[in-house]
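Okay, so here's the structure we're looking at.
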Amino acid sequence: MATVAPLLPTGYPGPGGRTGRGRRASRTARTALHTTIRSIEDRTPAHRDRAIDGLRALALLSVPTGHWLICGFTRDTNGALHNASLLTALGGLAPATWVLQLLGIFFLVGGHASVLSYRRAIGRGVSTARWLGGRLARLGRPVIGVTAVWAALLPSLHGLGVPIATLRAAATLVIQPLWFVGVYAAVTALTPCCVRAARRLGAWSAAPLLVSVAVVDLLRYGPYAAAVPGWLGLLNLLPGWLFAYQLGVCWGEKRLERRAAWVLLAGGAALFALLLLAFGYPASMVGVPGQDRTNSHPPSLLVLALAAAQSGAAVLLRDRLARLLRRPALWAPVVVINLCAMTILCWHQTAMLASAVPAASFPGAVPGLTAVPDTPGWLLARLAWITLFAVTLVLLARLTRRFEAPWTGTSAVRRTAAALLAAGFAVFALGLA
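Reminder that position 401 of the sequence shown reads as 460 in our numbering, one-by-one numbering, no gaps.
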């Protein structure tokens, strides 16, 4: 989508004249918006797979939406914020995470996009190492950017009176979604192996990953769970997320057709229901403070069941989604979201904190923001705050999207300083200092 990046406006022309200024401003804005939408449509290559980009945009938006709806705070007597979850008090909302947890879709389209990119690179004579280096750099630059900026902000915020406990809570939220980048980098590095497996076995190449996760789950949750060390679950980390990525590689290699998609949809849904109803898996797809089991860190078999069903549905709906995105007004926001993918992932928690941290200094708890997330009323108030979070994220994106571009004009000294700041922030966020 880099071909349409220059079309995104940096500002709209202001209204003129002394009468009817509001109407002219509105017409000017509509004209500018229509021109941008039309330009994006005209610059989109005919071969662009709009369905894949649409699925990626949907999966991306689910991340801030889920975090903004569920992540809350409690405030202690010193005014410091501590992280809390709406699901702790309102566990009945757990089924909402089945819709909001779309990482399976993200890894699916990631595998599909990677295999096409890899194939084009090899066709141009680019080595696998160089291709992989480029992909990893695209993932790493925004992560270093956000963590370096936060590392520089921490002393200033503390100097302004923000408690250390609040800063630790904020750092935890900022770094929380970034685990995904490390896992995604690892599965991307396995793309050549995934391609060979897909060409040899087709969609069945994902089956050993499912079996591997099932075996680990049986050991850690089965009759001998007491004798199993706690770290064993970490063995699910790579195969658990590689499963959907491998399906995406198969899809890109045209080895995942509609018949297999129906099997994934039906089989995944059946396995999902069985694990919930008969084997006592937690209903929430995200971790809930206070629960001794979690489905997502590391991924359990329930995550793979949901990913299988989502992947099957995505393949079956691909043509319909592609036709829908032929409408320029729907396609343009998909382009913008995809262009800012890593920025959205890295900065959406900062957008929420930009409201929550200042509000912690208010005399009373602010509903939906610094009040305890334990009632439906809190959720209704949070829905109102989400609009402000979204606007803040847009403003942040205009400032920080530069981190996604190659740092060609940045000196080695500045790159080293950014890396050291990022490392320092990670140490602070993980509670190591």
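Think of the CB as a built atom: it goes at the ideal place given N, C-alpha and C, for glycine as much as any other residue.
Checklist entry - Looking only at DSSP bridge pairs, what is ALA143 linked to? => result Note: ALA143 sits in a beta bridge opposite GLY131.
Next on the checklist: The alpha helix (DSSP H) that contains TYR177, what's its start and end?
Outcome noted: 162-182
Item to check | C-beta contact flag for ILE164 and LEU237 at 9 Å | outcome: no
Checklist entry - VAL168 and ALA367: beta carbons closer than 9 Å? => result no
Checklist entry - Does SER343 get closer than 9 Å to chain D when you measure Cβ to Cβ? => result In the structure shown, chain D cannot be found, because there is only a single protein chain.
Checklist entry - In three-state DSSP terms, what is PRO358? => result strand
Checklist entry - Shortest alpha-carbon distance to ILE223 belongs to which of LEU301, PHE302, GLY138 and ARG255? => result GLY138
Checklist entry - Within 10 angstroms of its Cβ, does ALA248 collect 16 or more other Cβ (buried), or is it exposed? => result exposed
Checklist entry - Do you know how far the Cα of THR467 is from the Cα of ALA84? => result 38 Å
Checklist entry - Is the segment 477-485 touching the segment 207-215 in the sense that three or more CB pairs, one from each, lie closer than 8 Å? => result yes
Next on the checklist: Using a 10 Å radius around the Cβ and a threshold of 16 neighbouring Cβ atoms, would you call THR94 buried or exposed?
Outcome noted: exposed
Checklist entry - Going by the beta-carbon positions, is the gap between ALA449 and ALA410 smaller than 9 Å? => result yes
Checklist entry - Is THR496 helix, strand or coil by DSSP? => result The question about residue 496 has no answer, for the chain in this structure spans 60 to 492.
Checklist entry - When you compare only the Cα positions, how much space is there between GLY204 and TRP390? => result 29 Å
Checklist entry - What are the start and end residues of the alpha helix (DSSP H) that includes VAL221? => result It is not in any alpha helix (DSSP H) - VAL221 carries neither H nor E in the DSSP assignment.
Item to check | Euclidean distance between Cα positions of LEU412 and ILE181 | outcome: 43 Å
Checklist entry - Does the beta-carbon of CYS500 have 16 or more other beta-carbons within 10 angstroms, so that it is buried, or is it exposed? => result Lying outside 60 to 492, the shown extent of the chain, residue 500 is not represented and no answer is given.
Checklist entry - How would you label LEU398, buried or exposed, when you count the other beta carbons within 10 angstroms and need 16 or more for buried? => result Taking a 10 Å sphere around the C-beta of LEU398, we find 16 or more other C-beta atoms and assign the residue as buried.
Checklist entry - Are the beta-carbon atoms belonging to VAL122 and LEU324 less than 9 Å from one another? => result no
Item to check | Inter-residue Cα distance where the pair is PRO104 and ARG382 | outcome: Between PRO104 and ARG382, the C-alpha separation is close to 15 Å.
Next on the checklist: Assuming the contact rule is C-beta atoms closer than 8 Å, THR156 and VAL345 should be a hit. Round their C-beta distance to whole Å, please.
Outcome noted: Correct: roughly 5 Å between the Cβ atoms.
Checklist entry - Under the three-state reduction of DSSP, which class applies to MET411: helix, strand or coil? => result helix
Item to check | Any beta strand (DSSP E) of 3 or more consecutive residues that is wholly inside the segment 377-439 | outcome: none
Item to check | Start and end residues, alpha helix (DSSP H) containing ARG255 | outcome: Start and end: 250-260.
Next on the checklist: Spatial neighbours of LEU269 within its chain, please: C-beta separation below 7 Å, excluding the five flanking residues on both sides.
Outcome noted: Beyond the five residues adjoining it in sequence on each side, LEU269 comes within less than 7 Å, by CB distance, of PHE302 and LEU363 in the same chain, given in chain order.
Next on the checklist: What would DSSP say about GLU100, mapped onto helix, strand or coil?
Outcome noted: helix
Next on the checklist: Would ALA148 and PRO432 qualify as a contact pair, given that the criterion is a beta-carbon distance under 9 Å?
Outcome noted: yes
Checklist entry - If you check the beta carbons only, do ALA337 and LEU140 fall under 9 Å apart? => result no
Checklist entry - Are there 16 or more other CB atoms within 10 angstroms of the CB of ALA61, so buried, or fewer, so exposed? => result With a pLDDT of 42 at ALA61, under the threshold of 50, the predicted position of this residue should be treated as unreliable, and no value is reported.
Checklist entry - Using the beta-carbon count (16 or more within 10 Å), is THR69 buried or exposed? => result Note that THR69 scores 39 on pLDDT, short of 50, meaning its location in the model is unreliable and no value can be drawn from it.
Checklist entry - Are the Cβ atoms of CYS130 and LEU294 separated by less than 9 Å? => result no
Checklist entry - What is the rounded straight-line gap between the Cα of GLY150 and the Cα of LEU438? => result 13 Å
Item to check | Opening and closing residue of the alpha helix (DSSP H) in which VAL287 lies | outcome: Segment: none, VAL287 is in no alpha helix (DSSP H) and carries neither H nor E.
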